[in-house]
Amino acid sequence: MQKLQLTLGFADKRKHLQFKMEVEVVRVKITLACTECKQRNYNLTKDKRVHTERMETKKYCPFCKAHTLHKETK
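Okay, so the sequence shown: first residue is 84 according to our numbering, each after it adds one.
In structure tokens:
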């Protein structure tokens, strides 16, 4: 997983404070494959905290020339 450094600054009349935090990036790249012809047609990102299970959705497959069910692959 990637980690980003986030810097927060607070301005005060007398002093300037900075806080540094490391924030984990929870978006992962996934590939969707057609269930009919097994072609990998779509590359997406998903939030792993919100969608813990494998994604499946109906999308257009240019090889089948129809809307078919696409499932997340490894």
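Quick reminder that beta carbons are idealized off the backbone N, C-alpha and C, glycines included.
The beta carbons of E119 and T140 sit no closer together than 7 Å. The alpha-carbon separation between R110 and K131 amounts to approximately 6 Å. Going by DSSP, C144 is part of the beta strand (DSSP E) stretching over E139 to C144. Per DSSP, the unbroken beta strand (DSSP E) holding H153 starts and ends at A149 to T156. Taking each of K129, M138 and Q122 in turn and checking the Cα distance to K148, the smallest one comes out for Q122. Counting along the chain, R132 sits inside no beta strand (DSSP E), nor does DSSP assign it H or E at all.
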